[in-house]
Amino acid sequence: MGFVVLNEYGAVEIITSELDIAHFVAESMEERGHKATIILFSESAPKE
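Sequence positions in the sequence shown follow this note's numbering and run 13 to 60.
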């Protein structure tokens with residue numbers, strides 16, 4: 013999973029790490045005046 017983002021300088025950034033995606037989303041929300049809380053989780057259940 014990943015995003016291709018056109019940043020404020022007109023450059024393309026490819027974001028693939030979950031943590032980088034969460035950071036990007038949080039920054040984007042905060043720039044618009046919203047608080048951001050990001051919760052990362054795995055889709056696979058732990059094996060017992």
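Note that beta-carbon positions come from the ideal geometry of N, C-alpha and C, so glycine has one too.
Computed from a predicted model, the values in this text were never measured in an experiment.
Return the bridge partner residues of residue i from the DSSP annotation.
i          : result
residue 24 : 18
Taking the alpha helix (DSSP H) that residue i belongs to, which residues open and close that run?
i          : result
residue 29 : Premise fails: residue 29 is in no alpha helix (DSSP H) and is neither H nor E.
Compare the Cα-Cα distances from residue i to each of the options and report the closest residue.
i          : options        : result
residue 26 : 36, 35, 32, 15 : 15
Taking Cβ positions, are residue i and residue j nearer each other than 8 Å?
i          : j          : result
residue 48 : residue 37 : yes
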